[in-house]
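Student: If you scroll down you'll find the structure; I have some questions about it.
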Amino acid sequence: MATHQAIILSEINSPLTLATVPTPAPQSGQVLIKVLASPIHSYYRAILTGKLPYPLPLPCTPGASPIGRIEAIGSDATTLKPGQLVYIDLTVRARDDPLKEQGTAILQGLFGGVTPEARILSENDWRHGSWAEKQIVPLENVYVLDESLLLEQMGYSTARLAWINTLLVPYGGLLSGALQPGETVIVCFATGHFGGAAIDVALAMGAGRVVAVGRRMSSLETIQARYPKGKVVGVATEGLDESSLKDALRKASPRGLGADLFLDFTPASAAEGQKWIHISSAISALKANGRAVLMGGASDSISVSYSELMMRNIQVKGNFMFDGTAPAKLIRLIEMGNLSLSRFHNIEFDFKDYERAIDEATTKTAGGCGVVLVHKE
Numbered sequence: 048m049a050t051h052q053a054i055i056l057s058e059i060n061s062p063l064t065l066a067t068v069p070t071p072a073p074q075s076g077q078v079l080i081k082v083l084a085s086p087i088h089s090y091y092r093a094i095l096t097g098k099l100p101y102p103l104p105l106p107c108t109p110g111a112s113p114i115g116r117i118e119a120i121g122s123d124a125t126t127l128k129p130g131q132l133v134y135i136d137l138t139v140r141a142r143d144d145p146l147k148e149q150g151t152a153i154l155q156g157l158f159g160g161v162t163p164e165a166r167i168l169s170e171n172d173w174r175h176g177s178w179a180e181k182q183i184v185p186l187e188n189v190y191v192l193d194e195s196l197l198l199e200q201m202g203y204s205t206a207r208l209a210w211i212n213t214l215l216v217p218y219g220g221l222l223s224g225a226l227q228p229g230e231t232v233i234v235c236f237a238t239g240h241f242g243g244a245a246i247d248v249a250l251a252m253g254a255g256r257v258v259a260v261g262r263r264m265s266s267l268e269t270i271q272a273r274y275p276k277g278k279v280v281g282v283a284t285e286g287l288d289e290s291s292l293k294d295a296l297r298k299a300s301p302r303g304l305g306a307d308l309f310l311d312f313t314p315a316s317a318a319e320g321q322k323w324i325h326i327s328s329a330i331s332a333l334k335a336n337g338r339a340v341l342m343g344g345a346s347d348s349i350s351v352s353y354s355e356l357m358m359r360n361i362q363v364k365g366n367f368m369f370d371g372t373a374p375a376k377l378i379r380l381i382e383m384g385n386l387s388l389s390r391f392h393n394i395e396f397d398f399k400d401y402e403r404a405i406d407e408a409t410t411k412t413a414g415g416c417g418v419v420l421v422h423k424e
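Okay, so the sequence shown: first residue is 48 according to our numbering, each after it adds one.
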């Protein structure tokens, strides 16, 4: 029987273990990949200890969205071939919900879902994530990468390509918000992992300006300096009330007219002190016909003006991750050179050094820095 090594979580807040497990043969609708690089989110330690109560099927192998190489394919694969370099989308969607009316989805190796339907996905075929030498993944979640172009011509490593996972989240929000070339986007908070990446994605999609929101101006000045003058303008929330923050956001937009799109990545910690006022301020700073896309961790109600939304035709929508077309589109942006990965870097750890890697990710995944578990080919 073929075997491989995998990191196993038996119970929440129990030690991870490295075990030898059977290597499954892919069935119809499945692909077996050899994992090459697997990103570690900053909040994984909180998930593993139960501080962040993400549901996971136990026991399981954690880990999401690796870069890998196809090792074997199921009987219904038509274009995928063993040996191809691929990106794996972590969002597993119910195949028997073609119109997505039920919205049943899990994040393989990260979030098992809370409904009975979601648990069918997470507890059976898609139980195990990418912190392993091998992983079974859904056929439709496998995206082929141009290895010659990305690795040889552009000089990216497989670990650098793991940034596709991060970039896809803001890309999904910007697609949902229908960002158009030349438009102004407010990103909050732009000093975080996903918010920071959103700046690069928005500019690659043709945004005319990004208004980057953060708590302190010192951090925002560092961000502004990375981009051509005027493309990114920082607005700090520190010391501002809701009205003055709205005015500052409008002033930061071209001609002070306001933004076209607001993309929110509010972390739960932002409630301390200001209680989400930046969300209502940013919505008020939109032009007529503006759009707000909420993708963050705010856990309480937010206050918005009914009459303002109605009279100015403001659209406010929630957005979970990205749709099934987004990975292929984002990969094309990268392969065509529109979206550069050059400013993003990683701290790489050998697969077996996972405990140190998880600890490092807790404090080192901001400002374009990530942590990745790597396997040698």
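Ideal Cβ placement from N, Cα and C applies to all residues, glycine included. As the structure is a computational prediction, the values presented were derived from the model and not from experiment.
(1) Output the distance between the C-alpha atoms of E355 and N212, rounded to the nearest integer angstrom.
(2) Identify the continuous alpha helix (DSSP H) that holds H325 and give its terminal residues.
(3) Excluding five sequence neighbours on each side, which residues of the same chain lie with their C-beta closer than 8 Å to the C-beta of E319?
(4) For F450, which of helix, strand or coil comes out of DSSP?
(5) Consult DSSP for S61 and reduce its assignment to one of helix, strand or coil.
(6) Do I330 and L292 have their C-beta atoms within less than 9 Å of each other?
(7) Among L63, F158, L186, which has the Cα closest to the Cα of I12?
(8) Under DSSP, the alpha helix (DSSP H) around A245 begins and ends at which residues?
(9) Please classify N171 as buried or exposed, where buried requires at least 16 neighbouring CB atoms within 10 angstroms.
(10) Assign L377 to one of three DSSP states: helix, strand, or coil.
(11) Could you tell me which residues DSSP puts in a beta bridge with G76?
(12) Quick check on the DSSP output: the alpha helix (DSSP H) that includes T96 runs from which residue to which?
(13) Scan the segment 251-275 and note each continuous beta strand (DSSP E) run of 3 residues or more that stays entirely inside, going in chain order.
(14) If you compare alpha carbons, which of R359, L127, Q200, E194 is closest to D307?
(15) To the nearest angstrom, how far is it from the Cα of H422 to the Cα of A332?
(16) Pick out the complete alpha helix (DSSP H) segments inside the segment 330-404, 4 residues or longer, and give them in chain order.
Tutor: According to the structure data:
(1) Counting only the Cα atoms, N212 lies some 36 Å from E355.
(2) For H325, the enclosing alpha helix (DSSP H) has its first and last residue at 324-331.
(3) Residue placement at E319 cannot be trusted, given a pLDDT of 49 that sits under 50; what the coordinates show is reported in the next sentence. Sequence-distant partners of E319 (beyond 5 residues in either direction) whose C-beta falls short of 8 Å from its own C-beta are missing from its chain.
(4) Residue 450 falls outside the range modelled here, since the chain spans only 48 to 424, and no answer is possible.
(5) DSSP places S61 in coil when its eight states are reduced to three.
(6) Cβ distance not < 9 Å, so I330 and L292 don't count as in contact.
(7) The requested residue 12 is not part of the displayed model; the chain covers only 48 to 424.
(8) That run of the alpha helix (DSSP H) goes 240-251.
(9) By the neighbour-count rule (16 or more Cβ atoms within 10 Å), N171 is not buried but exposed.
(10) Correct three-state label for L377: helix.
(11) The bridge partners DSSP lists for G76 come to none.
(12) Note, T96: alpha helix (DSSP H), 91-96.
(13) Complete beta strand (DSSP E) runs here, min 3: 256-261.
(14) The option with the nearest alpha carbon to D307 is R359.
(15) Roughly 47 Å between the two C-alpha positions.
(16) List check, alpha helix (DSSP H) in window: 353-358, 373-382.
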